[in-house]
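Enquirer: Starting off with a structure, shown below.
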Ligand code: CMC
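If you want it as structure tokens, here you go:
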């Protein structure tokens with residue numbers, strides 16, 4: 001491994017230290033490039049730019065590997081609970097049995113929302129998208145916990161983290177109940193994390209809802225598969241907002257808005273809508289593949305492609321098998337699963353997709369499972385957000401604890417007018 005990199009600009013050669021990774025891409029530390037040379041780097045979409053050192057999640061895009069704190073996600077999804085994984089991501093180690101019991105109890109004791117928050121849900125239009133409500137309510141939480149805003153106080157950080165993880169399923173289910181005009185269902189402390197969420201989503205005051213353990217376990221595993229993914233768009237947003245020392249609630253709310261877009265977490269809703277369109281249109285996958293390849297057509301195959309994965313998305317692999325198992329266990333069939341499998345087959349054999357290394361991503365199969373578990377399509381991105389929350393918190397915390405953190409403030413290459421004199425309105 002070389003210990004320095006050289007950059008030649010005209011006749012001037014400068015040397016830059018290498019920041020060594022334990023595994024994966026090493027970094028060239030150009031922190032003083034502008035000060036030393038007067039140049040900045042330009043990297044649209046940050047495809048080559050590391051914004052930090054991180055010890056949380058490792059992704060090998062070529063091999064299709066994803067590990068949280070060194071543990072493979074397949075292993076975690078099979079053997080751990082979501083709260084165990086949340087603890088691992090945020091604290092760096094798997095909890096002991098006592099630590100997990102304490103953590104679960106802390107989360108369980110904070111699942112209720114302040115009653116005044118209910119007025120917030122009432123204020124939204126009936127047809128409001130639950131992602132809009134989720135981010136607004138998460139931001140609103142910061143006003144209820146103003147004593148926990150200091151990112152340098154570990155006690156306050158821990159209290160914010162517990163409250164966010166405890167309350168997000170309550171917020172999510174209230175947003176859903178609001179959208180269908182049903183009464184809000186309060187959390188139940190005798191249920192585990194995923195069972196409690198399912199209960200708040202689907203119970204009615206008039207009708208008890210028995211949580212199916214198969215459904216609860218499937219949901220828990222799905223949340224684990226979404227729990228972190230390095231410096232993706234929403235996590236980078238959480239870090240960017242947090243770099244100004246914005247509190248954890250406000251920073252996480254910013255990340256939720258970034259997640260909502262159809263190129264990121266919003267893709268899980270977009271995939272199901274696309275599969276339903278294909279079905280309604282007679283099931284001709286070829287037509288949609290042709291549209292996705294046409295440069296004059298903005299249509300993309302939703303659920304295909306990834307900035308980092310150039311072989312396969314390991315989450316999609318787990319989910320594909322999982323989708324079949326869940327449908328089987330629940331005695332259900334979903335025509336959209338057949339359409340998805342057919343579309344995948346056609347796309348994977350097509351040169352356009354092969355050359356660009358476009359494979360199904362996590363969102364391609366997650367929606368089919370969310371549907372089978374009974375969730376409405378507009379809640380899919382909300383489920384992604386509940387899963388991603390421990391990752392956002394872990395990354396926010398790692399950033400605030402790193403003494404090298406500075407406020408995020410990219411430079412630009414200015415290409416506008418240079419110096420103009422103001423022209424009075426009458427003369428324009
Ligand atoms: N359908 C058709 N063509 C595609 C697709 C697609 N889904 N994705 C990428 N391409 C083409 C793209 O047009 C470009 O072609 P060319 O080189 O001829 O110009 C090439 O593949 C590279 O694409 P890119 O847009 O430069 O790649 P990116 O790394 O900037 O974008 C992506 C990654 C995920 C935003 C993109 O693949 C995409 O829009 N996919 C569909 C949306 C989606 O499924 N998003 C979920 C991502 S995974 C979960 C998450 O992060 O939340």
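In our numbering, the protein residues as written are 1 to 428.
Note that CB positions come from ideal geometry on N, CA and C, so glycine has one too.
All values derive from a computational prediction rather than experimental measurement.
Can you name the start and end residues of the alpha helix (DSSP H) that residue 260 belongs to?
Expert: If you number the chain shown from 1, residue 260 lands on position 260. Run containing residue 260: none; DSSP gives neither H nor E here.
Enquirer: Going along the chain, which unbroken runs of the alpha helix (DSSP H) with 4 or more residues stay wholly within the segment 73-125?
Expert: If we require 4 residues or more, the alpha helix (DSSP H) runs fully inside the segment 73-125 come out as 73-79, 82-91, 97-108, 117-123.
Enquirer: When we look at the beta-carbon of residue 319 and count the other beta-carbons within 10 Å, is it buried (16 or more) or exposed?
Expert: Walking along the chain shown from the start, residue 319 turns up at place 319. By the neighbour-count rule (16 or more Cβ atoms within 10 Å), residue 319 is buried.
Enquirer: Does the separation of the CB atoms of residue 99 and residue 235 fall below 8 Å?
Expert: Position 99 of the chain shown, counted from the first residue, corresponds to residue 99. Position 235 of the chain shown, counted from the first residue, corresponds to residue 235. Cβ distance not < 8 Å, so residue 99 and residue 235 don't count as in contact.
Enquirer: Report the three-state DSSP secondary structure of residue 218 (helix, strand or coil).
Expert: On the chain shown, residue 218 is found 218 positions in, with the first residue counted as 1. Correct three-state label for residue 218: helix.
Enquirer: Report yes if the C-beta of residue 326 is less than 7 Å from at least one heavy atom of the ligand CMC; otherwise report no.
Expert: Here the question's residue 326 lines up with position 326 in the chain shown. No.
Enquirer: Counting only the same chain and skipping the five closest in sequence on each side, list residues whose C-beta sits under 6 Å from that of residue 353.
Expert: By 1-based counting over the chain shown, the position of residue 353 is 353. Closer than 6 Å at Cβ, skipping near neighbours: 347.
Enquirer: Cβ of residue 302 within 7 Å of any heavy atom in the ligand CMC?
Expert: If you number the chain shown from 1, residue 302 lands on position 302. It does: the Cβ of residue 302 is within 7 Å (strictly closer) of some heavy atom of the ligand CMC.
Enquirer: Does residue 422 come out as helix, strand or coil in the three-state DSSP assignment?
Expert: Along the chain shown, one-based indexing puts residue 422 at 422. Residue 422: coil per DSSP, three-state reduction.
Enquirer: Have a look at 97, 118, 176, 339 and flag the residue whose alpha-carbon is nearest the alpha-carbon of residue 131.
Expert: By 1-based counting over the chain shown, the position of residue 131 is 131. Of the candidates 97, 118, 176, 339, the one whose C-alpha sits nearest the C-alpha of residue 131 is 176.
Enquirer: Evaluate the contact criterion for the segment 366-385 versus the segment 63-71: three or more CB pairs, one atom per stretch, below 8 Å.
Expert: In short, these stretches do not touch, since the Cβ pair count stays below three.
Enquirer: What do you reckon, are the CB atoms on residue 161 and residue 256 nearer than 8 Å?
Expert: Within the chain shown, residue 161 is the residue found at index 161, counting from 1. Within the chain shown, residue 256 is the residue found at index 256, counting from 1. Against a cut-off of 8 Å, the Cβ pair of residue 256 and residue 161 comes out as no contact.
Enquirer: Flag residue 265 as yes when its Cβ comes closer than 7 Å to any non-hydrogen atom of the ligand CMC, and as no otherwise.
Expert: Here residue 265 refers to the residue found at position 265 when the chain shown is read from its first residue. The answer is yes for residue 265.
Enquirer: Taking 7 Å as the cut-off, does the CB of residue 232 come closer than this to any heavy atom belonging to the ligand CMC?
Expert: For the purposes of this step, residue 232 is taken as the residue at position 232 of the chain shown. It does: the Cβ of residue 232 is within 7 Å (strictly closer) of some heavy atom of the ligand CMC.
Enquirer: State the CB to CB distance for the pair residue 216 and residue 192, rounded to an integer number of angstroms; the pair is presumed to be in contact (CB under 8 Å).
Expert: Residue numbering aside, residue 216 sits at position 216 when the chain shown is read from its first letter. Residue numbering aside, residue 192 sits at position 192 when the chain shown is read from its first letter. Indeed, because the Cβ distance is near 7 Å, the residues count as touching under 8 Å.
Enquirer: Nearest to residue 52 by CA position, among 20, 83, 423, is which residue?
Expert: Sequence index remark: in the chain shown, residue 52 carries index 52 (1-based). Checking every option, the nearest Cα to that of residue 52 belongs to 20.
Enquirer: For the alpha helix (DSSP H) containing residue 288, list its first residue and its last residue.
Expert: Position 288 of the chain shown, counting from 1, holds the residue named residue 288. That run of the alpha helix (DSSP H) goes 285-293.
Enquirer: My assumption, with CB atoms under 8 Å, is that residue 336 sits in contact with residue 327. Please give the rounded CB distance.
Expert: Against the chain shown, residue 336 aligns to sequence position 336. Against the chain shown, residue 327 aligns to sequence position 327. Between residue 327 and residue 336 the Cβ distance is about 10 Å, and since that is not below 8 Å, they are no contact.
Enquirer: Taking 8 Å as the cut-off, decide whether the C-beta atoms of residue 340 and residue 364 are in contact.
Expert: Residue mapping note: residue 340 aligns to position 340 of the chain shown, counting from 1. Residue mapping note: residue 364 aligns to position 364 of the chain shown, counting from 1. Taking 8 Å as the Cβ cut-off, residue 340 and residue 364 qualify as a contacting pair.
Enquirer: Out of curiosity, what's the CA-to-CA distance linking residue 397 and residue 251?
Expert: For the purposes of this step, residue 397 is taken as the residue at position 397 of the chain shown. For the purposes of this step, residue 251 is taken as the residue at position 251 of the chain shown. Taking the straight line joining both Cα atoms gives about 11 Å.
Enquirer: For residue 109, is the classification buried or exposed, using 16 other Cβ atoms within 10 angstroms of its Cβ as the cut-off for buried?
Expert: Position 109 of the chain shown holds residue 109. Per the 10 Å Cβ criterion, exposed.
Enquirer: Taking only heavy atoms of the ligand CMC into account, decide whether any of them is closer than 7 Å to the Cβ of residue 361.
Expert: Along the chain shown, read from residue 1 onward, the residue named residue 361 stands at position 361. Residue 361 Cβ: within cutoff of the ligand CMC.
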